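Step one of this worksheet: look at the structure below.
Residue numbers (the working numbering): 133 to 330.
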C-alpha cells in the first residue's frame, strides 16, 4: 500500500486522497509537520523540498508532487482512467486548477505567515488577480466539465480551498455555472471523505 505524508489542510494532499478513493485504492496516511518555513526532517529524508504530499511506494521509493502521485495511482487500477490516454485537456484542466492553488497558497502565506510590516500589497493583489482570471476561464468552460477525471478532481479541490481559506472571497459571484458544477461534484463520496481540517 502507498503511504503518503499527510496534512489535513493541504489541497494537494486532498487531490491524492480523492484520486485514491475514485480508483478504489487505500492510502496509509503518515503524520507530518510540513511548513514553508520549517521542514519536517522525516519528509526531507524522502523529498528534499520537504513538501506534502510525498508518497512512499510499496518498494520503499518515493514520489512527490501531487500530479506524479495521482498518475501513479491511476496506473495501478483497471477501471476508468482518471488520466485518459491522449486526453491533453484533462492535464490542462489539472494544471489550471493547480495554478489557482499555487496563487491561493502564496496569497495565504502573504497574509497569514508573513509579518504584517513586511507584506507587499501589490504582490498579494497579483496573486488574487491570477485567481480571478482562472475562475473566469473555469466559468466559461464549465459546461465541458462532464466527466470524473483528474482535471475535475483538481478543480474541485481548488474551489474547495477557496471556500476553506478565503471565506470572504465570493468566487461564486458572476460564475453561476461553475458554482452549479461544483455543488454537484462536491456531493461525490471522494470529496466528502476528504474534507480539510485545521
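Beta carbons are placed, not taken as given, at the ideal position from N, Cα and C, and that holds for glycine. Note that the coordinates shown come from a computational prediction; the quantities given were computed from them, not determined experimentally.
As far as DSSP is concerned, residue 262 takes part in no beta bridge.
Beyond the five residues adjoining it in sequence on each side, residue 288 comes within less than 7 Å, by CB distance, of 314, 317, 318, 323 in the same chain, given in chain order. By the neighbour-count definition (other C-beta atoms within 10 Å, threshold 16), residue 325 is an exposed residue.
Shown here, residue 308 sits in a helix according to DSSP, grouped into three states.
One thing to note: residue 311 has its Cβ no nearer than 8 Å to the Cβ of residue 214. In terms of CA proximity to residue 185, 164 leads the group 157, 191, 164. Minimum Cα-Cα distance from residue 182 among the listed residues 269, 293, 138 corresponds to 138.
Taking each of 171, 239, 320, 154 in turn and checking the Cα distance to residue 210, the smallest one comes out for 154. Residue 235 is a Cβ neighbour of residue 263, given a cutoff of 8 Å. Selection 252, 299, 225, 307 evaluated against residue 272 yields 307 as nearest (Cα-Cα). According to the DSSP assignment, residue 163 belongs to the beta strand (DSSP E) that extends over 159 to 163. By alpha-carbon distance to residue 256, the top candidate from 329, 238, 266, 204 is 238. Every beta strand (DSSP E) of 3 residues or more that sits fully in the stretch 171 to 215 is shown, in chain order, as 186 to 188, 194 to 196. Per the coordinates, the alpha-carbon of residue 260 lies some 30 Å from the alpha-carbon of residue 321. DSSP, reduced to helix, strand and coil, places residue 133 outside both helices and strands of the structure shown, so it counts as coil. For residue 288, the uninterrupted alpha helix (DSSP H) segment begins and ends at 282 to 297. A direct Cα-Cα distance of roughly 14 Å separates residue 285 from residue 142.
For residue 321, the enclosing alpha helix (DSSP H) covers residues 321 to 324.
For residue 171, the CB contacts under 6 Å within the same chain, skipping 5 residues up- and downstream, are 182 in chain order. When rounded, the separation of the alpha-carbon atoms in residue 300 and residue 190 is 42 Å.
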